[in-house]
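These notes are about the structure you will find just below.
Numbering (the working numbering), first residue to last: 428 to 1124.
In structure tokens:
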């Protein structure tokens, strides 16, 4: 592929609900442009953009694929994104570098939750967008889709074409701007034909809507419109280009990805109407001067590039995908990474076309490409020069809240699993592996059950390591509600020097659950020598790691050593530490021990129609609804306090209740005493494990 200048580059993200036909449309775009000579199929795992083993096995998109194609002396960088919500991080990475979006809507399924989320993302990133209604080779109503879109998004919806049907066959299209009909002869080839009578009503309706939008672009056009004058095709196209970029018009196109119909028009209109990168503003910070660096895709400014995605593939290797935001990058350029304060040579530059790469000498501002085998850079880093070190903001990636506990099936694979997870984490910012040492468990976090299932499959099939997952252990804590006063004498004779430690300790609740314990001593008369005080405290400290009630960490306990005795020969630090441990266990259990459970503050964003169901469900989960506030697009933000243990399967439950339209987040709030039934269940489980462990020994 040749080098393209900024004005000849279009960066387009393909969005939509899972199964709407995005990957099939991208395949058709590749075929129509001549990049491939034979169409692949999603079901066969032979498409350009779904090339990983997991995608081929599941017949869904899991990763964002970058596919560069050429069309009419322009380069179109297509970002094919997953439609399933578990892989939203991939979509967000693509959105951070796209200059326009095509939202794919299935003519058969209509507007779905993924359609709405795609629109919301475009609003968030201020992206010009167009709809492409696919599946038109089926018996579907295009007019009904237009009505649904208009009802939801207003008069800015502007159909550019509509289907021409002969009987039940999808035979061609009608150009709304030109008011002309064309019949398909072959892929990408059409012939003029008459407009059927049944289409005239909708054609005039769509044309009038489009002309009204064009008229609103200037006073002159408005006067001409009311005077009954016609606009030229050139005037219409220029007005559409401007209004599409400011969001006044959202074009709708239609066709069939499987039949490669309507794809020629789509590619043409991407080139004609989608913005060039230099029309969008972008800025970073000069880390040396702390001044704002207005990059704005200016080819004459110092070179900078943003790393928007990392690919770590056991077969492809490691690639860092970049968007050049200023200047020109060339092979063997020396660049600087402000995040790591390191300078290095980037080596070769690549164009990505699915899982295929091709070398290129230059990447101009606005272009997307890749550099290989650079372990010192990661997603979110900025490449610049040491003379002008720039840092762009990190991508806004969703946080994962679904988590599972995992264990290595083979203990010898623990290091391999850690290395494999580090590679997956570098590639997928919505995946986390956490060593929860306090609660003695290893955790994996993701965006949903499918996400974590895919991670397990990748570990097994690509990295050859296996893990077993289970419900995570809740981070309970133990504390006491009353006071106790206990003593314990540890005495052991072994023939020579024995062991002797004697302590009297008072225990009381502090109410401060942020620290395990507070230790004090009020010993008088030297009944316990000062040199044994640290040993007593160490015994208390070690005892709080696993409480006597249910083996959870202890919090909020005041221990006061006030008396005891010692032996001038047999006393030792280990004896007093052991005596303190025994006293702690006894005193803790005498002071009305209770189990504390973590409470989180939950925020749920849902459309108005689902608020009743969501609040009812939260009540069943022992939640306390704190309030409800309006949000954009007819949604509500429900705030509640919920025990964390009740949110284990909340992702699946919320999606089921809201048809995938609900979103949630939470953060730790505090600890509260757990209900009696929860406590008794945990204590019984601890006793069962202890008995099993004793039996095994």
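Glycine is no exception: its CB is placed at the ideal position from the N, C-alpha and C atoms.
Inter-residue CB distance, residue i and residue j (contact presumed, cutoff 8 Å)
i	j	result
residue 531	residue 508	That pair is no contact at about 10 Å.
residue 576	residue 601	Contact flag wrong, Cβ pair sits at about 18 Å.
residue 713	residue 724	Contact doesn't hold; Cβ gap of about 17 Å is too wide.
residue 569	residue 428	Not a contact, Cβ separation roughly 35 Å.
residue 933	residue 834	In fact, because the Cβ distance is near 41 Å, the residues do not count as touching under 8 Å.
residue 859	residue 827	6 Å
residue 677	residue 585	7 Å
residue 956	residue 1020	Rounded, the Cβ-Cβ distance is 31 Å, inconsistent with contact.
residue 997	residue 924	6 Å
residue 857	residue 1080	Residue 857 to residue 1080, Cβ: 20 Å. No contact.
residue 787	residue 430	6 Å
residue 478	residue 782	4 Å
residue 1048	residue 1073	4 Å
residue 443	residue 599	That belief does not hold up - the Cβ atoms of residue 443 and residue 599 are roughly 24 Å apart, past 8 Å.
residue 519	residue 824	5 Å
residue 830	residue 869	Their Cβ separation, rounded to whole angstroms, is 11 Å, which puts residue 830 and residue 869 out of contact at 8 Å.
residue 734	residue 804	6 Å
residue 779	residue 797	5 Å
residue 865	residue 980	6 Å
residue 1031	residue 1087	Between residue 1087 and residue 1031 the Cβ distance is about 14 Å, and since that is not below 8 Å, they are no contact.
residue 506	residue 439	7 Å
residue 489	residue 437	Incorrect: roughly 25 Å between the Cβ atoms, too far for contact.
Span of the beta strand (DSSP E), counted from its first residue to its last, around residue i
i	result
residue 963	Per DSSP, residue 963 belongs to no beta strand (DSSP E); it is in the alpha helix (DSSP H), 960-970.
residue 831	829-835
residue 863	859-863
residue 624	Where residue 624 is concerned, there is no enclosing beta strand (DSSP E), although the alpha helix (DSSP H) it sits in stretches over 624-642.
residue 1071	Careful: residue 1071 lies outside any beta strand (DSSP E) and carries neither H nor E.
residue 873	868-873
residue 786	783-787
residue 926	926-936
residue 1135	It is not possible to answer for residue 1135, since the shown part of the chain is limited to 428 through 1124.
residue 780	776-780
residue 905	904-907
residue 1030	1020-1034
residue 431	No beta strand (DSSP E) contains residue 431, which DSSP labels as neither H nor E.
residue 613	607-613
residue 1057	1051-1058
residue 445	Residue 445 -> no beta strand (DSSP E), and no H or E assigned at all.
residue 598	596-602
Span of the alpha helix (DSSP H), counted from its first residue to its last, around residue i
i	result
residue 1047	1038-1047
residue 452	449-460
residue 884	876-888
residue 1084	1077-1085
residue 516	515-522
residue 484	480-485
In DSSP terms, what residue i is bridged to
i	result
residue 721	710
residue 913	932
residue 731	753
residue 497	502
residue 1113	Paired residue(s): none; residue 1113 is not in a bridge.
residue 740	744
residue 771	762
residue 492	507
Distance cut-off 7 Å: residue i Cβ against heavy atoms of the ligand COA
i	result
residue 439	Looking for the ligand COA in the displayed structure turns up nothing, as the structure carries no ligands at all.
> Quick one: any contact between the stretch 697-709 and the stretch 475-484, if contact means 3 or more CB pairs under 8 Å?
Replying inline: With the cut-off at 8 Å, the stretch 697-709 and the stretch 475-484 do not touch.
> At what residue ranges does the stretch 791-853 contain a whole run of the beta strand (DSSP E), taking only runs of 3 or more?
Replying inline: Uninterrupted beta strand (DSSP E) stretches at least 3 residues long and entirely within the stretch 791-853 occur at 795-799, 809-811 and 829-835, given in chain order.
>> In chain order, what are the residue ranges of uninterrupted beta strand (DSSP E) at least 3 long that sit wholly in the stretch 651-700?
In response: Runs found: 677-681.
> Can you list, in chain order, the stretches of the alpha helix (DSSP H) that have 4 or more residues and sit fully within the stretch 942-1017?
Replying inline: Taking only runs of at least 4 residues, the alpha helix (DSSP H) segments lying wholly in the stretch 942-1017 are 960-970 and 1000-1017.
>> List, from N- to C-terminal side, the beta strand (DSSP E) runs of 3 residues or more that fit wholly inside the stretch 525-592.
In response: With a minimum length of 3 residues, the continuous beta strand (DSSP E) runs that stay inside the stretch 525-592 are 527-533, 556-561 and 584-586.
> Quick check: the stretch 549-559 against the stretch 656-663, are there 3 or more CB pairs under 8 Å?
Replying inline: Flag = no, the stretch 549-559 and the stretch 656-663 do not touch.
>> Measuring CB atoms only, is the stretch 1023-1041 touching the stretch 1100-1117, in the sense that at least three cross pairs come out at less than 8 Å?
In response: Judged by Cβ distances under 8 Å, the stretch 1023-1041 makes contact with the stretch 1100-1117, as three or more pairs qualify.
> Can at least three beta-carbon pairs, one atom from the stretch 874-886 and one from the stretch 958-967, be found at a separation below 8 Å?
Replying inline: Touching, no.
> Below 8 Å, can you find three or more Cβ-Cβ pairs linking the stretch 800-816 to the stretch 835-850?
Replying inline: In the pairwise beta carbon analysis, the stretch 800-816 is classified as not touching the stretch 835-850: fewer than three pairs are separated by under 8 Å.
> Hey, is the stretch 747-762 in contact with the stretch 787-799, meaning 3+ C-beta pairs nearer than 8 Å?
Replying inline: Yes: the two stretches touch, three or more of their Cβ pairs being nearer than 8 Å.
> If you pair each beta-carbon of the stretch 1005-1016 with each one of the stretch 899-914, do three or more pairs fall below 8 Å?
Replying inline: The stretch 1005-1016 vs the stretch 899-914: in contact.
> Are the stretch 1102-1117 and the stretch 1051-1060 in contact at 8 Å, needing three or more beta carbon pairs?
Replying inline: By the Cβ test, the stretch 1102-1117 is not in contact with the stretch 1051-1060, since fewer than three Cβ pairs between them sit closer than 8 Å.
> Is the stretch 639-650 touching the stretch 665-677 in the sense that three or more CB pairs, one from each, lie closer than 8 Å?
Replying inline: Touching, yes.
>> Below 8 Å, how does it come out for the stretch 1031-1040 and the stretch 997-1006: are there three or more Cβ pairs, yes or no?
In response: Touching, no, given that fewer than three Cβ pairs across the two stretches are closer than 8 Å.
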